[in-house]
Amino acid sequence: MAKKFVPRQRKHKVLAREALEARRAAVEDGAIMDPQADSNAVEILPDAKKAADEAKRAQMRTDLKGEAKMSSKKAKRLEKYIDKKLAKDENRALLAQLAANKIDTSLFASVRHLGTVKETKREIMSRALRERAAGIAQTDESILFERRREPAMEDSADDDSERESFLGRGRELSQQSEDLSKPKKPDVPEPPAPSAATGSGLKRPLELDDEGRPVLRKRQKRGGVKSKISGKPHFALGVPSDPSGDHPEGGDEMQQEDTEDEWNGLSSDEAEHGNHEEDSENEAASAADEGTSDEDVTSSQSEDDDDDDSDDEDNDGDTAKRRSSAFKAWAHEQRNSALGYEPSSNGNAILDIPVPGDFKPRPIEQDPLPLELQPTKDTGRKAFSVIVERDSSIQEARLKLPVVAEEQRIMEAIHNNNVVIICGATGSGKSTQVPQMLFEAGYGSPNSPTSGQIVVTQPRKVAAVSVSQRVSTELGNRSDTVAYQIRFEGTASEKTSLKFVTDGVLLREIGNDISLRNYSAVVIDEAHERSLNTDILIGMLSRTVKLREEMANENPAISPLKLIIMSATLRISDVTNATLFPSPPPVLDIEGRQYPVTIHFSRRTESDFVDEAFKKIIRGHRKLPPGSMLVFLTSHSDISRLSQKLKLHSTGLKAAHYPKVRFSANDGPLEVEDIEFGQTDDVMGTELDELPFIGDEQDIDEEEENEFDVPNETGQVTPLNMHILPLYSLLPTREQMRVFEEPPEGTRSIILATNVAETSLTIPGVKYVIDCGRSKERVFDPNTGVQRYEIGFISKASANQRSGRAGRTGPGHTWRLYSSAVYERDFQEFADPEILKMPIEGVVLQLKAMNLKHVVNFPFPTSPDRHNLAKAEKLLQYLSAITPEGHATQIGKTMSKLPLPPRFARILLVGHLHDCLPYTIALVAGLSVAEIFLPESQVIPASTEGTDQKFRTNEDLAAENARAQARRKYNQVHRNFRSLDDASDAIKLLQVVGEFAHSPSEHWCTSRFVRFKALQETQKLRKQITMLLQKDIPAFANLTFQERLDRPSAKQITALKQMIAAGFIDQVAIRGDLAPVPPEMQRKPRRAIDVPYLPLQPLQTSSRPAASNNSDDPLVDRAVYIHPSSNLAHYSLQELPDYIVYSGLQRSSASGPIEGAGAKRPKTRMLALTDVTGAQLSALAKGTPLVTYGKPIKEVQVVAAAAGAAAAASTRECWVVPYLRAEATGGQGWPLPVKKVTQKKVPSRGWVTE
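In the numbering used here, the protein residues as written are 54 to 1303.
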């Protein structure tokens, strides 16, 4: 029998426990006394006080906690709150006790004056004032009060003026000091009064110079020396100089008497001021003689002087100065008249300025009127309106939109300006209401001055269709005037006045008619998305507006074109620069969203945002009131994955149960024990620090549960079921329109959408938005031509747009699956324009077809890189679309009329050979539509997690068999599609398009793992291309559309492969072992997808450093490889072709570290089109800068013709070696098979190959 488990005993703990028990027993027996309280404690409280505090604490704990259970963390918070509460109560009681005892401290004196025997006069007066304020009786009233002295009658006039000056200026304290210390001045006898004569107002006769003119002496400044010598004569010319009234500080009485007898006696104000300064100086001197503290007197005087100066500046100021100047001017005038002197000019006289005959006074400045109240500039415009009858419910809903309240201001701006920018935040109603405002103002009406149609562009097809339907509903009796036009369908008719189109459709119309005569107003909506077509449209329309204005001036029958650019988050500087519009257009700001939206950030940013969105949807659906939920995801695969998880959760479906595999009972307990203890032992000390505490997990769970507690909306019945709807671009239009329908009774719509639902869509009933904060975007490297799809964070503007979807029809909430820190750190303000991330060959061709030679001068809102523009022009030269001088050829102009990329257009123009035009049209239509084939990952079910299990159940075996069967069926279907040609992926695509034309059903597409909507688009595009070729190219005037095609012959298949190579002549790769310098390989490839090919255009550029140093494979940045989905991936190593023409390059995201020694860069894969031979490349590249010829190998003499021997001597036939080489890359190039050519001798150039 096993021993009973006994815990291990710690010796020091046992000894401490025994000592403590012995001490307690001794205290109880009275052997020792209870130890006294610790004298070093912070606070020693009596036992009664401790007991009272504990009782109060227990009472508060009981009142606050009650019967509720709480975690340890919350219990600690509660104890901390109780401690703070008790401390505050104690402090409040102490303050109340202190307030009961108050002491008057007004009579307290500073210890600084202890030991002082004599007090200054200021200190005596200050103490007397404090005692009087405190109510203490005064023994000597003369300290604070003094009897006012009456002036004696025999005082001189100078003394009277001096006293008046002191009394007027309020110098009581200085007067008091003067009576105590100033000695009495001796009386100075007055001079005898002169006889009455001219200038008798002066004290003495004027001093005259040699010419008999009066001499004006300048007053001496303070501290100067009075001089009796007259200086340079000074004449008074109208406005005399302002003499100073200052006197010297240090001087005797005689000097002061002389100063009084000088000219400065005329200005009474200045004399009084000067005398006052002298008296103050004498007062200070006398006070010093009597032994008074010099510091006190000086400080007292300085304070009084400062007070007087401030009073003079504040009260008298300019008035005294103006009075003094007027008196001096009068005195000078009297003196000059007495002497007979006439000044040359009088400064006081008013200037007599002649007034011109056409003088008009400047109008009074005032603030300009608001834009809507300003008179219209076009006074000749006739008023015109269209009456629209709407339902009362629609009219009531319109009046609630913010943009409707701004209708007057918007329409006045449009009438007065040809270009207007409207910035309205999400939910303002600009997309639906501004077109209706234009329509009601007469734009688009046949009888109005602006009879042209109104066209509104949208960046996406679903937005164009949905907005047109909404506007048609709101126009009531005028609903038949609204239509839409997208790439393959439209509802336009003769009655159409308002048309909604995608930006690509309008761009095509501008290519046919640059003046847009059929339109009177163009509205570009959602310009903030900055798509490629939108930027080109803005640039072209900036010139079209100017052209239409010039045409309207020449022909009054033509009306100017109105351009309205609307956006929610537009960077105004991009569309208001001087390159686009010389005069900046007016910008109208419309108020934002009419309903508030609450933003909820996550505490953490999870990498698996699909799983996080699933959790949010489940919790939100369980707790939120009724309202649809819009979830933003990145791609169709994310939508399918989340939709499947939601359906399984809502319906409760589970996998079928099979009999379990049985195993021995002896192995069962052992296996369970090993798993449990193994997991426990694996947790090391460093990992324990990273484990979350139980309290933290509870807090997080509580917070996640409470985040869906929406206030002010409680008491509503929560829907029971979920109505799941997908929304993405490849979804058929019929399925896309389902999101605008009302959900079934008792259900909640869960809309899983990509960024197509980000703009222009108002889905009814959406109150809640869940935003993953990411999107899948195509990233294009213009240097290498590699494009890849990456999932990255969106911009802040896009995040606000997504949040705005919840506030369109009512108050809403947005839950963001990322933290606020990630939002501030990793989110850009605005997304980069698409023109900086996409190939621009088509744009350059469109501009060249419009006779624009220098594309760099085009007014792009955001100009692309000049290097990319140069590369696009070089490609167009390869396709024979433009000349080396930059002019569009006839082939290029024809290519620009087709709504296809330049490469596909070039294939069509050579597709008539060997009667291949119907097949070429079908092939180009298939290449123009993306993602026709379903990827293998979506067809074959994914394997279950936990593949490292020791035992496999019957469920695992059944799932594995289902995957194997699906893979066999998938491979068989693709093997059948390769029946026409086993090596060309383009011919495989042609076979799919041709077979679908014979059986255009969704069942056929499902059984063959292709997309039904994509193949529908190819059929529509086939019809459109056929009609364009028949209309625009005279040689194809008799072309008819063939819906069902026969199988092409072998000769036609060979011709089609060469036509494809002609359109992608610069995108060709040679097998690595056939290159002039074969690359070094570390190991021999075993599969076709591991065989390296070297592209004609090298991947490595000088602008990017080589990354091979951090990679195991040195060919990562040099070679390209076959894509696993290509037909060539099933070839053996010996069957691989020498040359491959590809449509593009792709590179997947790195799965491991990007930098460092262990970094592994993914390979660059070719999207192969077809195989081609060297001889075919030599023929297809003839006449392009890609091919050069070596020296003749064998010369063949040409027999002289009838034209004469001279012509024959300048022409020869010879065999040469062609070399295929990309321009500006250096090197010899690839040698192609020997070819016989005809060369002609040209002066100064030598032999030139024809």
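By construction, the Cβ of each residue, glycine as well, lies at the ideal position given by its N, Cα and C atoms. Because the structure is a prediction, the values reported are computed rather than measured.
Check your understanding: Excluding five sequence neighbours on each side, which residues of the same chain lie with their C-beta closer than 7 Å to the C-beta of S626?
Key -> Position 573 of the sequence shown holds residue 626. Answer for S626: no residue qualifies.
Exercise for review: Tell me whether Q419 sits in a helix, a strand or coil according to DSSP, three-state version.
Suggested key: Walking along the sequence shown from the start, residue 419 turns up at place 366. Looking at Q419 - three-state DSSP - the assignment turns out to be coil, as it is neither helix nor strand.
Check your understanding: Given L870, which residues of its chain have a CB within under 8 Å of its CB, disregarding the five upstream and five downstream residues?
Key -> Counting from 1 along the sequence shown, the entry for residue 870 is found at position 817. Excluding sequence neighbours, L870 sits near S655, T658, E659, F662, E665, A666, K669, I823, D824, C825, G826.
Check your understanding: Between L1198 and T1217, is the Cβ-Cβ spacing less than 8 Å?
Key -> The residue given as residue 1198 occupies position 1145 in the sequence shown. The residue given as residue 1217 occupies position 1164 in the sequence shown. In contact: L1198 and T1217 (Cβ atoms closer than 8 Å).
Exercise for review: For the region 844 to 886, list the alpha helix (DSSP H) runs that are entirely contained and at least 4 residues long, ordered along the chain.
Suggested key: 849 to 857, 873 to 879
Check your understanding: What did DSSP end up calling C1267 once you bin it into helix, strand or coil?
Key -> Indexing the sequence shown from 1 puts residue 1267 at position 1214. Strand at C1267.
**Study point:** Close-in-space but distant-in-sequence residues of the same chain around F437 (CB under 6 Å, 5 per side omitted)
**Key:** As a first step, residue 437 must be located in the sequence shown, where it is residue number 384. Cβ within range, chain order: G495, S501.
Check your understanding: What did DSSP end up calling P267 once you bin it into helix, strand or coil?
Key -> As a first step, residue 267 is located in the sequence shown; it is residue number 214 there, counting from the start. Strand at P267.
Practice item. Return the chain-ordered list of same chain residues with a C-beta closer than 8 Å to the C-beta of A1115, the five sequence neighbours on each side being excluded. Key: On the sequence shown, residue 1115 is found 1062 positions in, with the first residue counted as 1. Closer than 8 Å at Cβ, skipping near neighbours: R959, I960, V963, L1233.
Review point. Whole alpha helix (DSSP H) runs in the region 462 to 497 with 4 or more residues, listed along the chain?
Key: 483 to 493
Point to revise | Span separating the alpha-carbon of P1271 from that of D1224 | key: By one-based count along the sequence shown, residue 1271 stands at place 1218. By one-based count along the sequence shown, residue 1224 stands at place 1171. The alpha-carbon atoms of P1271 and D1224 are separated by roughly 19 Å.
Point to revise | Length of the line joining the Cα atoms of P1284 and L1273 | key: Reading the sequence shown from its first residue, position 1231 is the one you call residue 1284. Reading the sequence shown from its first residue, position 1220 is the one you call residue 1273. P1284 and L1273: Cα-Cα distance of roughly 7 Å.
Point to revise | Distance CB(R1124)-CB(L1152) smaller than 8 Å | key: Translated into the one-based positions of the sequence shown, residue 1124 becomes position 1071. Translated into the one-based positions of the sequence shown, residue 1152 becomes position 1099. No, these two residues do not count as a Cβ contact at 8 Å.
Check your understanding: Could you give the residue range of the alpha helix (DSSP H) that holds F1049?
Key -> Reading the sequence shown from its first residue, position 996 is the one you call residue 1049. Looking at the DSSP string, the run of the alpha helix (DSSP H) that includes F1049 is 1038 to 1051.
Practice item. Go ahead and label M1080 buried or exposed: buried means 16 or more other beta carbons lie within 10 angstroms of its beta carbon, across all protein chains shown. Key: Locating residue 1080 in the sequence shown gives position 1027, where the first residue counts as 1. M1080 should be labelled exposed.
Check your understanding: To which residues does DSSP link S828 through a beta bridge?
Key -> If you number the sequence shown from 1, residue 828 lands on position 775. BP columns for S828 point to G845.
Point to revise | Closest by C-alpha distance to L1230, when choosing among P1215, R183, R1200, D1191 | key: Looking up residue 1230 in the sequence shown gives position 1177. That would be D1191, whose Cα lies nearest to the Cα of L1230.
**Study point:** Proximity test, Cβ basis, 8 Å: S498 and chain C
**Key:** The structure shown contains no chain C, having only a single protein chain.
Check your understanding: Would you report the Cα separation of P1296 and E1070, rounded to the nearest angstrom?
Key -> Here the question's residue 1296 lines up with position 1243 in the sequence shown. Here the question's residue 1070 lines up with position 1017 in the sequence shown. Each residue's alpha carbon lies about 55 Å from the other.
Point to revise | Beta carbon of M178 nearer than 8 Å to that of L197 | key: Within the sequence shown, numbered from 1, the residue matching residue 178 stands at position 125. Within the sequence shown, numbered from 1, the residue matching residue 197 stands at position 144. Their beta carbons are under 8 Å apart, which means M178 touches L197 by this criterion.
Review point. What is the DSSP secondary structure of A708, reduced to helix, strand or coil?
Key: Numbered from 1 along the sequence shown, position 655 holds the residue referred to as residue 708. In this prediction, A708 has a pLDDT of 38, which is less than 50 and means its spatial position is unreliable; what the coordinates show is noted afterwards. Looking at A708 - three-state DSSP - the assignment turns out to be coil, as it is neither helix nor strand.
Check your understanding: Between which two residues does the alpha helix (DSSP H) carrying M113 extend?
Key -> By 1-based counting over the sequence shown, the position of residue 113 is 60. Here the alpha helix (DSSP H) through M113 covers 100 to 118.
Check your understanding: How should S125 be labelled, buried or exposed, when 16 other C-beta atoms within 10 angstroms of its C-beta is the threshold for buried?
Key -> Along the sequence shown, read from residue 1 onward, the residue named residue 125 stands at position 72. Exposed, because fewer than 16 other Cβ atoms sit within 10 Å of the Cβ of S125.
Check your understanding: Helix, strand or coil: how does DSSP classify F1030 here?
Key -> Taking the first residue of the sequence shown as position 1, residue 1030 is located at position 977. If DSSP states are grouped into helix, strand and coil, F1030 belongs with the helices.
Point to revise | CB-CB length for L860 against Y648, believed under 8 Å | key: Here the question's residue 860 lines up with position 807 in the sequence shown. Here the question's residue 648 lines up with position 595 in the sequence shown. In the sequence on display, residue 860 carries Gly and not Leu. Right, the Cβ-Cβ distance comes to about 4 Å (below 8 Å), so this counts as a contact.
Exercise for review: Would you kindly work out how many angstroms separate the C-alpha atoms of N1024 and C969, rounded to a whole number?
Suggested key: The sequence position of residue 1024 within the sequence shown is 971, counting from 1. The sequence position of residue 969 within the sequence shown is 916, counting from 1. When rounded, the distance between both Cα atoms is 29 Å.
Review point. Could you give the distance in angstroms between the alpha-carbon of V1310 and the alpha-carbon of A379?
Key: Past the edges of the chain, shown from 54 to 1303, lies residue 1310, and the structure says nothing about it.
**Study point:** Alpha-carbon spacing of D885 relative to P609, whole angstroms
**Key:** By 1-based counting over the sequence shown, the position of residue 885 is 832. By 1-based counting over the sequence shown, the position of residue 609 is 556. D885 and P609: Cα-Cα distance of roughly 42 Å.
Check your understanding: First and last residue of the beta strand (DSSP E) that includes K1289?
Key -> Taking the sequence shown and counting its residues from 1, the one referred to as residue 1289 is at position 1236. Counting along the chain, the beta strand (DSSP E) containing K1289 begins and ends at 1288 to 1295.
Practice item. Return the residue from the list F957, S1196, T771, Q489 that minimises the CA-CA distance to V441. Key: In the sequence shown, counting from the first residue as 1, residue 441 sits at position 388. Nearest of F957, S1196, T771, Q489 to V441, Cα basis: Q489.
Point to revise | Contact under 8 Å by Cβ, K552 with A536 | key: In the sequence shown, the residue the question calls residue 552 occupies position 499. In the sequence shown, the residue the question calls residue 536 occupies position 483. Contact flag set, yes.
Review point. In the structure shown, what three-state DSSP assignment does L1068 receive?
Key: Walking along the sequence shown from the start, residue 1068 turns up at place 1015. Three-state DSSP puts L1068 in a helix.
Check your understanding: By Cβ distance below 8 Å, which residues in the same chain neighbour P1138 in space, the five residues on each side in sequence not counted?
Key -> Here residue 1138 is taken as the residue at index 1085 of the sequence shown, counted from 1. These residues qualify, in order along the chain: V1144, P1145, L1186.
Point to revise | Proximity below 8 Å, CB of I617 to CB of V524 | key: Position 564 of the sequence shown, counted from the first residue, corresponds to residue 617. Position 471 of the sequence shown, counted from the first residue, corresponds to residue 524. No; because the gap between Cβ atoms is not below 8 Å, this pair is not in contact.
Exercise for review: Leaving aside the five residues before and after S681 along the sequence, list all residues of the same chain whose C-beta is less than 6 Å from its C-beta, in chain order.
Suggested key: The residue you call residue 681 lines up with position 628 of the sequence shown. Excluding residues within five positions, the ones whose Cβ falls inside 6 Å are S802, G818, V819.
Check your understanding: Can you name, in chain order, every residue of its own chain whose Cβ lies under 7 Å from the Cβ of E493, other than the five neighbours on each side?
Key -> Taking the sequence shown and counting its residues from 1, the one referred to as residue 493 is at position 440. Once the five neighbours on either side are set aside, the close Cβ partners of E493 are S438, V439, V441.
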